[in-house]
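Every number in our numbering is 1 more than the matching position in the sequence shown, counting from 1.
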Amino acid sequence: MKNKIKITLHPFSYLDFSEKTNAIFLLTFLACQVFMLFITNSWANLFVILAAVAATVLAEVFEKTYGKRKDSYSFLNSIIQGILTGLFLPSTFPVYAVFFTVFFVFVCSRYFIGNFADCWINLPCLSVCICWILGTSLFPDWQLTHEIIFARNPSLELIQNGAFPMIALDTKITSFFNRTIFSLFGVSIPDGYISLFWDTGSLIPAFRFNFITLISSIVLISMDVVRAMIPGLFLMTYGILVFAGPYFFGFGGHGDLLLAFCTSGLLFSSIYLLQFAGTTPMTLLGKAFYAFLAGILAYLIIGAGTSPAGAVFTVLLMNILSLFIQHIEKIAEIKKVKKILLERVKELEEGTNA
């Protein structure tokens, strides 16, 4: 007779998604960014992403075949890291240079640093930073000047100068919002803001589709795939600093938040890069300090926007500073445990002497 007994986890259930499930969700929303590149005929960007993915996957194969550690990254995470790397590289970067640079960075980093669980540095950010050092001229120029910063509306100045392309329906959509929503508050927005939020037209894909990034962020946070604390506090800190005074000697209150958030990949990096697995502190206080410090660094490095690589350099610096924060956390935890143990020993001694 066939045994029909089944072993299940009931009545127990998971409190959170597994790492594999989280990776699938992240890959799905990254695929939306890639799909937008496809429908906008951004073939150069797609080839750069393909080269980066090929490099990360080949590095995974190399690690599994010749590496000493067999518990290396999964191919799913390798694909995610490849896409993230490609999304922060400009379409003007040579495909062969992307492949060899990313492959070299991933292979060397895994040999010297370790596997995914123990890795303290964000490899996509490291790859992009090295590409920027090797080919600074291939990245977009910093578009903000002193004159534009001092302007009452920097983003409108750049839109009127043709820095950002206008979509065909921009005027109609802007008119609709002004007529139905903004008129209730007695204000209106000029043409071009919808285009800036929908597609900046940047050479770097991570800077382009801010509306898609925002929707993806809301869904990922609502599903607890991404925790809201670090990106929320990071963006709030950076936004306050931008609003309080532009980077180049501006006056308080004239900071253009839309330009700051939409032109340097801040929204994208806050969700997909800033709290990469293994790179953040463990305690709530440590995470809060990490996010607050990241916001300050982002303001010092990126300024009021249009920085070509400031976001990845910010994350990379925070990876290093996170080590010191985690060390302080460890010391504080040891002191806390010692205090609790000493109190327990004292209670036991008093009970024995009674």
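Just so it is clear, CB atoms sit at the ideal spot from N, CA and C, and this is done for glycine as well.
{"query": "How long is the line joining the alpha carbons of A261 and K339, rounded to whole angstroms?", "result": "46 Å"}
{"query": "What residues in its chain sit with their C-beta under 7 Å from that of S265, if we drop five residues either side in the sequence?", "result": "F208, I303, G306, T307, S308, G311, A312"}
{"query": "Roughly how many whole angstroms lie between the Cα atoms of F178 and F290?", "result": "38 Å"}
{"query": "On the three-state DSSP scale, how would you describe D142?", "result": "coil"}
{"query": "Take every Cβ of the stretch 324–331, pair it with every Cβ of the stretch 281–289, and state whether three or more of those distances are shorter than 8 Å.", "result": "yes"}
{"query": "Just to confirm my understanding: we take A229, look at its own chain, exclude 5 residues before and 5 after, and list those with CB closer than 8 Å. What are they?", "result": "I222"}
{"query": "Excluding the five sequence neighbours on either side, which residues of its own chain have a C-beta within less than 7 Å of the C-beta of L88, listed in chain order?", "result": "Q34, I50, P206, A207"}
{"query": "Below 8 Å between beta carbons: does that hold for T175 and I160?", "result": "no"}
{"query": "Which same chain residues, not among the five before or five after V243, have their C-beta less than 7 Å away from its C-beta?", "result": "G256, L258, A261, Y300, A305"}
{"query": "Tell me which same chain residues have a C-beta within less than 8 Å of the C-beta of K21, skipping the five on either side of it?", "result": "S75, L77"}
{"query": "So, at 8 Å on beta carbons, what are the nonlocal neighbours of V227 in its own chain, with the 5 sequence-adjacent residues on each side left out?", "result": "S218, L221, I272, Q276"}
{"query": "Which whole-angstrom value is the C-beta distance of S196 and P166, which I expect to be below 8 Å?", "result": "7 Å"}
{"query": "Applying the 10 Å Cβ sphere with the 16-neighbour rule, what's the burial state of S184?", "result": "exposed"}
{"query": "Does the separation of the CB atoms of T238 and G193 fall below 8 Å?", "result": "no"}
{"query": "Can you give me the Cβ contacts of L204 inside the same chain, cut-off strictly under 7 Å, excluding the 5 residues immediately before and after it?", "result": "P91, S92, T93, P141"}
{"query": "Could you check what DSSP says for W121 in three-state terms: helix, strand or coil?", "result": "coil"}
{"query": "How should E158 be labelled, buried or exposed, when 16 other C-beta atoms within 10 angstroms of its C-beta is the threshold for buried?", "result": "buried"}
{"query": "For Y97 and I81, I'd like the C-alpha separation in whole angstroms.", "result": "20 Å"}
{"query": "Going by C-alpha to C-alpha distance, which of P95, C132, L124, A32 sits closest to V316?", "result": "L124"}
{"query": "In whole angstroms, what is the alpha-carbon distance linking G202 and I335?", "result": "51 Å"}
{"query": "Answer yes or no: do L274 and L85 have a C-beta to C-beta separation smaller than 8 Å?", "result": "yes"}
{"query": "Taking the straight line between their C-alpha atoms, what separation do you get for F63 and F101?", "result": "14 Å"}
{"query": "So for L77, helix, strand or coil by DSSP?", "result": "helix"}
{"query": "Given that a residue counts as buried once 16 or more other Cβ atoms are within 10 Å of its Cβ, and exposed if not, what is M224?", "result": "exposed"}
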